[in-house]
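For reference, the structure is listed below as structure tokens.
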Amino acid sequence: MAHTTPAPVETGAGGKSPARALPAKRQASRVRRQRLRAAWLFLIPMLVVLAAVAGWPLMRTIWFSFTDASFSNISEYGLVGFENYLVYDNGAWYGVLADPTWWNAVWNTLFFTVVSVGMETVLGLIIALTLNAQFRGRGWVRAATLIPWAVPTIVSAKMWGWMLHDQFGIINEMLLGIGLISEPLNWTANADLSMWAVIMVDVWKTTPFMALLTLAALQMLPSDCYEAAKVDGIHPVRVFFKVTLPLILPALMVAIIFRVLDALRVFDVIYVLTSNSADTMSMSVYARQQLVEFQDVGYGSAASTVLFLIIALLTISYLYLGRKQIGGEA
Amino acid sequence: MNRKLLKKIVAKTGFALLLAGILLFTVFPFYYAIVTSFKSGSELFDVTWWMSSFDFSNYLSVIGDGSFVGSIWNSVLVSFATVIIAMAFGLTAAYALGRVQFRGRSAVLMIVLGVSMFPQVAVLSGLFEVIRALDLYNNPLALIFSYTIFTLPFTVWILTTFMRQLPKELEEAAIVDGASPMTTLFKVFIPLMWPAMATTGLLAFIAAWNEFLFALTFTLTDDQRTVPVAIALLTGGSQYELPWGNLMAASVIVTVPLVLLVLIFQRRIVSGLTAGAVKG
Chain A
6 MAHTTPAPVE TGAGGKSPAR ALPAKRQASR VRRQRLRAAW LFLIPMLVVL AAVAGWPLMR
66 TIWFSFTDAS FSNISEYGLV GFENYLVYDN GAWYGVLADP TWWNAVWNTL FFTVVSVGME
126 TVLGLIIALT LNAQFRGRGW VRAATLIPWA VPTIVSAKMW GWMLHDQFGI INEMLLGIGL
186 ISEPLNWTAN ADLSMWAVIM VDVWKTTPFM ALLTLAALQM LPSDCYEAAK VDGIHPVRVF
246 FKVTLPLILP ALMVAIIFRV LDALRVFDVI YVLTSNSADT MSMSVYARQQ LVEFQDVGYG
306 SAASTVLFLI IALLTISYLY LGRKQIGGEA
Chain B
9 MNRKLLKKIV AKTGFALLLA GILLFTVFPF YYAIVTSFKS GSELFDVTWW MSSFDFSNYL
69 SVIGDGSFVG SIWNSVLVSF ATVIIAMAFG LTAAYALGRV QFRGRSAVLM IVLGVSMFPQ
129 VAVLSGLFEV IRALDLYNNP LALIFSYTIF TLPFTVWILT TFMRQLPKEL EEAAIVDGAS
189 PMTTLFKVFI PLMWPAMATT GLLAFIAAWN EFLFALTFTL TDDQRTVPVA IALLTGGSQY
249 ELPWGNLMAA SVIVTVPLVL LVLIFQRRIV SGLTAGAVKG
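Chains as they are written, first to last, in the numbering used here: chain A, 6 to 335; chain B, 9 to 288.
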């Protein structure tokens, strides 16, 4: 990451000041120059660290994606061009982009992202609206909703793995008790159910995040429009859709985008709940399996790079759309 | 009049049911893990809704397992070190980003936000090479290094938000008195930033405590693992028979401190999460 010295800006500003500048003014610009210098001195360590832990490794990953490096011996490799991505050889296509398992992982990730973020948004909204009401013990309920957020993802996957156990799980017991199912379901191994099990765990774990962000947005709303609506006798449901929702939408969108970007890189919950099963494999699980288990750093890096590009594209479009907002605050 | 009363009762009951549903949804899985952790032997395989026994054997066997205690120690070390590093670099950067107007500030903020969006797997092979080169493979120090990738960006982001909210007059007074930026940061801002630092530190601690992908990939032997990996890889006598009692006891042990922290500091955590996301 390059650092430009901010000095030219300052001399430019100084040049504009009238020649008969008072000593106080010169003093002020000296202070400003000192502050600018300090600002960059303060920033450089952080930027160097980010370059070391993020910038450089990312560049190396992209570089590895064009090689045949292996995990056990990462220092010796040859360049193979785009072979890890896509190559036509002996009448067939090879590479990440020609691998049906990869496309299955892409589909799984997208399905997971859309369904779980959608459910989290709706449930989060319901919880936030409930917590926004005045009642005794509200602080305690709010604290309780934070519990899933605090539980480590691995632990929540294991806890749910136990609750969803095919023979001794409480969820099967419950569903059998109500008569919804006639025999125990194998939630984590059944191809039709395992993705829903993953979604269940993720929804449980991250709904609190959505609820709290939504609640924060709700609490910033002005109360006068609600009083007006109350005076006019408008139905609460109508008030919600016509007043509340449009007002909290910007904050809600930010929370949704954060969650979407997070869900697209999902790894832990899937890896622990269903290990490397193809029914639930996400893009991150696929890339790590290639990298570590199959020791194919080149191929795995290619998959990682594609995932990075997808997320980067989404991030850039989000930043582009939200630039005004951030620029205004910065 | 009667109808109005009825309506009120229905609304109240509905609200109470909604609250009960929310509480059940959020608390039950953790409660059930606690119930399970106190069962032993064949009791484990009887589904019970209430605490049916208080058998500490699962806890004793988990604590008696030296490698699990070792991984708790590794997790504590890694999490604290990660927080301290993120704070040291984040505070100075947040001062620059929050208090000084300069060209390129939005660009720096964009870089910071961009890094926080990085999928971890995208840096996995690059980081692995760096860690190999530093000879830190299978060493918790590698985790301290790699966790900076996600703790530093949000530390900078949240601290910048808080730093910006402090009144300008404080700094002006310091400048009039001829204090250098370093003195201003340490004598004026840091004392006022304690609440924000506690919030950010707590979030960074929880993130580091819970991290899985790097910990799984960059450590190899039981004695170097952190808690999430130890729990994920806990196995029983055979491949098909997971020791659920031990697993739940271990889960409760590593989660209770976090739940207590969250309950004590809930206001701080909420303010940190909203500063990090809503204002982004």
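Here a beta-carbon is modelled for each residue, glycine too, at the ideal position from N, C-alpha and C.
Note that the structure is predicted; figures quoted are calculated from it, not measured.
So, does the CB of Val91(B) fall closer than 8 Å to a CB anywhere in chain A? no
Less than 8 Å between the beta carbons of Phe97(B) and Leu160(B), yes or no? yes
What is the rounded straight-line gap between the Cα of Ala24(B) and the Cα of Phe69(A)? 57 Å
Compile a chain-ordered list of the residues in the segment 109 to 123 of chain B whose CB is closer than 9 Å to at least one CB of chain A. Gln109, Phe110, Arg111, Gly112, Arg113, Ser114, Val116, Leu117, Met118, Ile119, Val120, Leu121, Gly122 and Val123
Among Ser77(A), Asp73(A), Tyr93(A) and Leu91(A), which has the Cα closest to the Cα of Leu84(A)? Asp73(A)
Please report how far the alpha carbon of Ala141(B) lies from the alpha carbon of Ile253(A), in whole angstroms. 49 Å
Let me check understanding here. Comparing Cα to Cα, which of Met286(A), Ala307(A), Met168(A) and Ser322(A) lies closest to Tyr318(B)? Nothing about residue 318(B) can be read from this structure; chain B reaches only from 9 to 288.
Should Ala133(A) and Leu223(A) be called a contact, given that it needs their Cβ atoms to be closer than 8 Å? yes
May I ask which residues mark the beginning and end of the alpha helix (DSSP H) holding Tyr187(B)? According to the sequence shown, residue 187(B) is Ala rather than Tyr. Note, Ala187(B): premise wrong, no alpha helix (DSSP H); not H, not E.
How long is the line joining the alpha carbons of Asn95(A) and Val120(B), rounded to whole angstroms? 46 Å
Three or more C-beta pairs below 8 Å linking the segment 255 to 272 of chain B and the segment 232 to 240 of chain B: yes
Could you tell me the distance, in whole angstroms, from the CA atom of Arg111(B) to the CA atom of Ser124(B)? 22 Å
At a Cβ threshold of 8 Å, is Trp217(B) touching chain A? yes
Neighbourhood of Trp4(A) by C-beta distance below 6 Å, restricted to the same chain and skipping five residues each side: Residue 4(A) is absent from the structure shown; chain A starts at 6 and stops at 335.
Can you tell me whether Gly209(B) is buried or exposed? The criterion is at least 16 other CB atoms within 10 Å of its CB, across all chains shown. buried
Check whether the Cβ atoms of Phe46(B) and Asp63(B) sit closer than 8 Å, and answer yes or no. yes
Taking 8 Å as the threshold (beta carbon to beta carbon), is Val286(B) in contact with chain A? In this prediction, Val286(B) has a pLDDT of 45, which is less than 50 and means its spatial position is unreliable; what the coordinates show is noted afterwards. Answer yes: the Cβ-Cβ gap between Val286(B) and chain A drops below 8 Å somewhere.
Should Ala260(A) and Trp107(A) be called a contact, given that it needs their Cβ atoms to be closer than 8 Å? no
Identified DSSP bridge partners for Leu84(A): Thr72(A)
I need the DSSP call for Val242(A), collapsed to helix, strand or coil. helix
What does the alpha-carbon distance come out to for the pair Ile175(A) and Asp284(A)? 24 Å
Taking only beta-carbon atoms, is Gly305(A) less than 8 Å away from chain B? yes
Report the three-state DSSP secondary structure of Tyr99(A) (helix, strand or coil). strand
Taking Val277(A) as the query, report the chain B residues whose CB atoms sit under 7 Å from its CB, ordered along the chain. Ala240
Exposed or buried, which one is Tyr325(A) when buried takes at least 16 other CB atoms within 10 Å? exposed
Report the residues of the segment 18 to 52 of chain B with a CB closer than 8 Å to any CB of chain A, ordered along the chain. Phe23, Leu26, Leu27, Ile30, Leu31, Phe33, Thr34, Val35, Pro37, Phe38, Tyr40, Ala41, Thr44 and Leu52
Grab the span of the beta strand (DSSP E) containing Val92(A) for me, first residue to last. Val92 to Asp94
Excluding the five sequence neighbours on either side, which residues of its own chain have a C-beta within less than 7 Å of the C-beta of Val270(B), listed in chain order? Ile277
Do three or more CB pairs link the segment 19 to 37 of chain B to the segment 159 to 176 of chain B at distances below 8 Å? no
Does any CB atom of chain B fall closer than 8 Å to the CB of Arg38(A)? no
Bounding residues of the alpha helix (DSSP H) (the contiguous stretch that carries Glu178(A)): Ile175 to Ile183
So what's Asp143(B) in DSSP terms, helix, strand or just coil? coil
Taking the alpha helix (DSSP H) that Met59(B) falls in, what are its first and last residues? Taken as a continuous stretch (DSSP letters only), Met59(B) belongs to no alpha helix (DSSP H), as it is neither H nor E.
Could you say if the segment 265 to 278 of chain A and the segment 238 to 248 of chain A meet the contact criterion of at least three C-beta pairs nearer than 8 Å? no
Does Phe88(B) have its Cβ less than 8 Å from a Cβ in chain A? no
Cα separation between Val43(B) and Ser60(B)? 8 Å
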